[in-house]
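In mature numbering (1 follows the signal peptide of the UniProt record, and there is no 0), the protein residues as written are -27 to -1, 1 to 297.
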Amino acid sequence: MVASSTSMVLLAALFATAALLTSGASAQLSTGYYKKTCPKVFDTVESVVMSAIDKEKRMGASLLRLHFHDCFVQGCDGSVLLDDTSSSRGEKTANPNVNSIRGFNVVDDIKSKVESVCPGVVSCADILAIAARDSTVILGGPTWDVKLGRRDSKTASLAAANSGVIPPPSSTLNNLINRFQNLGLSTKDMVVLSGSHTIGQARCTTFRGRIYNESNIDGSFARTRQGSCPRTSGSGDNNLAPLDLKSPTFFDGSYYKNLLDKKGLLHSDQVLYNGGSTDNLVEAYSKNPKAFANDFAAAMIKMGDISPLTGSSGEIRKNCRKAN
Ligand code: HEM
Ligand SMILES: *[C@@H]1O[C@H](CO)[C@@H](O)[C@H](O)[C@H]1NC(C)=O
């Protein structure tokens, strides 16, 4: 009896260890996380996102990108939302974000509405995940069940945001593949998530080199873009152009058709279709919008699973801009 109960305890301990080892933190996220504690969270987020996009279509793109830039720097933990403090600089002024990332006022608005229906319950990181999904759907893209239960970081890292984890638009195909792979995302995930560039805008400074210096670009497309993006660096740097020339406020698959036509705006867009290993995926998505929609939804769930804070890690911020 003694021997067998000892071995039972040992066995239980073994199983517990195995479970800990095999369950990444992401296993703790679930679609029903706020079912009891904040059943109105989805309606509340959606109504604010809806009115923000009503006012300005581009906001849907900006909110989708916020979730991406959050997840790629120390995981989906709301770190991108933290303002600089007197003692530490956050991610907002990092190279991939400065003069570029936007939507913080909308997030504040969502947060205050969510706080009024269930105070202290819903994290800012989860708000970003829901807002990214709602934005995609409102602009005509696919839907998915958002996994929830992320907690918010107490700190943000300027250095991490500047470390290249968010790849620059000058990236080679290999760099794009590696950066996504480092976070557990496949080449296919990278190609399908890049399809986000079917909506939104980019600044001249991010595509100047491409429209003046590259040869794998449609000539008349390059000339059109040159019209509002002067060659000389420093002039017109913030002038905007649509990432998808055909339908920049509609989440469709035309991004991939643009690549076939050598009309990708960013260098990092066109490298996906430039004689390399991802050409076949680009061709497939250009012909099959349904496959794009399905794979995009699956990849967004995977991206949302990157290193969340759960359990007693982090906190539920009261104000998305600062730690409690
Ligand atoms: C594959 C690597 C990627 C690179 C190199 C890249 C780069 C960029 C750049 C340079 C811009 C323009 C920013 C500006 O000029 O202010 C941009 C915009 C955007 N990106 Fe990406 N991106 C990548 C992947 C993604 C992913 C994975 C998503 C979402 C899941 C995404 C969503 C967006 C959206 C929606 C915009 C438009 C934002 C707006 O109009 O406010 N991007 N991206
Ligand atoms: C084009 O390439 C040349 C030579 O590498 C470089 O000096 C120039 O700055 C580039 N122009 C743009 C607009 O990027």
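From the three backbone atoms N, C-alpha and C, an ideal C-beta is built for every residue, glycine too.
Taking 7 angstroms as the cut-off, the beta carbon of A34 is found no closer than this to the beta carbon of V79.
Taken atom to atom, the span from the alpha-carbon of V95 to that of S167 is near 28 angstroms.
One residue list follows from the rule of a beta carbon closer than 6 angstroms to any heavy atom of ligand 2, given in chain order as R181, G182, Y185, N186 and R204. Annotation: P262 is outside any beta strand (DSSP E); the continuous alpha helix (DSSP H) that includes it extends over P262 to G277. Close CB contacts of C293 within its chain, under the 6 angstroms cut and outside five residues either way in sequence, are with L54, V80, K84 and C97 (chain order). In the three-state reduction of the DSSP assignment, R123 falls in the coil class. It is roughly 7 angstroms from the alpha-carbon of R106 to the alpha-carbon of T116. The C-alpha of D125 is placed about 21 angstroms away from the C-alpha of D16.
Taking all protein chains in view, the Cβ of T251 is crowded by 16 or more other Cβ atoms within 10 Å, so the residue is classified as buried. Nearest to Q47 by C-alpha distance, out of T109, L112, R123 and V110, is R123.
In the DSSP assignment, L149 falls within the unbroken alpha helix (DSSP H) covering L146 to Q154. The closest CA to that of I100, considering only L254, D217, L37 and N189, is found on L37. Between ligand 1 and the CB of S241, the shortest heavy atom gap is smaller than 6 angstroms. For Q174, the enclosing beta strand (DSSP E) stretches over residues Q174 to R176.
About 11 angstroms separates the Cβ atoms of V22 and K86, ruling out a contact at the 8 angstroms cut-off.
Assignment of L218 by DSSP, reduced to helix, strand and coil, places it in the coil class. Classified as buried, G51 has 16 or more neighbouring CB atoms from the shown chains inside 10 Å of its CB. The count of Cβ pairs closer than 8 angstroms, one atom from the stretch 146 to 161 and one from the stretch 193 to 213, stays below three, leaving the stretches out of contact. Counting along the chain, the unbroken alpha helix (DSSP H) around H240 starts and ends at H240 to Q243. Taking a 10 Å sphere around the C-beta of N70, we find 16 or more other C-beta atoms and assign the residue as buried. It is roughly 15 angstroms from the alpha-carbon of A270 to the alpha-carbon of L121. For E288, the secondary structure class from DSSP, reduced to helix, strand or coil, is strand.
Contact annotation: the stretch 174 to 190 touches the stretch 237 to 245, with at least three C-beta pairs closer than 8 angstroms.
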